[in-house]
Amino acid sequence: MHFDREAGIETAQALFHQRGYDAVGISELTKALNINPPSLYAAYGSKAGLFGRCLARYVDEGNLPADKILIAGRSLAEAIEELFITAARLYVKSPLQRGCLVAEGMRADDEQARELAKPVCKTRNTVY
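Position 71, counted from 1, in the sequence shown is what full-length UniProt numbering calls 71; the numbers after and before it change by one each time, with no gaps.
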């Protein structure tokens with residue numbers, strides 16, 4: 001049987017998004033991915049390594065296109081209105097995956113999760 005790492009990232013991303021980084025344990029991840037703990041570590045290095053890949057996938061999916069909304073020459077009121085409307089639509093699109101995965105990482109108790117989310121926040125701050 002072949003293990004699909006990308007499918008594993010997608011599954012783990014849904015779990016982290018639904019329950020939060022701190023609430024998802026290795027046993028839950030391995031059960032959802034249908035692999036054993038050594039295979040998880042071989043594929044992703046660690047729970048934090050897997051979360052980092054989930055964050056990268058989340059960003060690559062173009063979650064909130066702030067860089068396309070907050071552009072020079074546009075009125076601030078118009079840009080903020082579109083930003084809030086887009087965020088509201090995006091963050092309730094799935095009843096199981098509400099809110100922002102990056103924000104979830106930043107508020108995690110686990111320092112590694114916060115450190116993985118921090119560069120994404122810094123990148124976003126340069127846009128805002």
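Ideal Cβ positions, reconstructed from N, Cα and C, are used throughout, including at glycine.
Nearest Cα to R57 within the set R5, E111, I9: I9. Here G105 is actually not in contact with L29; their C-beta atoms are around 16 Å apart, not less than 8 Å. Relative to the Cα of A66, the nearest Cα in the group S39, L90, L40, N34 belongs to L90. When only Cα atoms are considered, L15 and I80 end up about 30 Å apart. Look at I26 here: in three-state DSSP terms it is helix. Look at K93 here: in three-state DSSP terms it is coil, with no helix or strand label.
For the pair G25 and A32, the Cα-to-Cα distance works out to about 11 Å. With contacts defined as CB atoms closer than 8 Å, L64 and A87 qualify as a contacting pair. Apart from sequence neighbours up to five positions away, the residues of its chain that approach A48 with a beta-carbon distance below 8 Å are D110, Q112, A113, L116, ordered along the chain.
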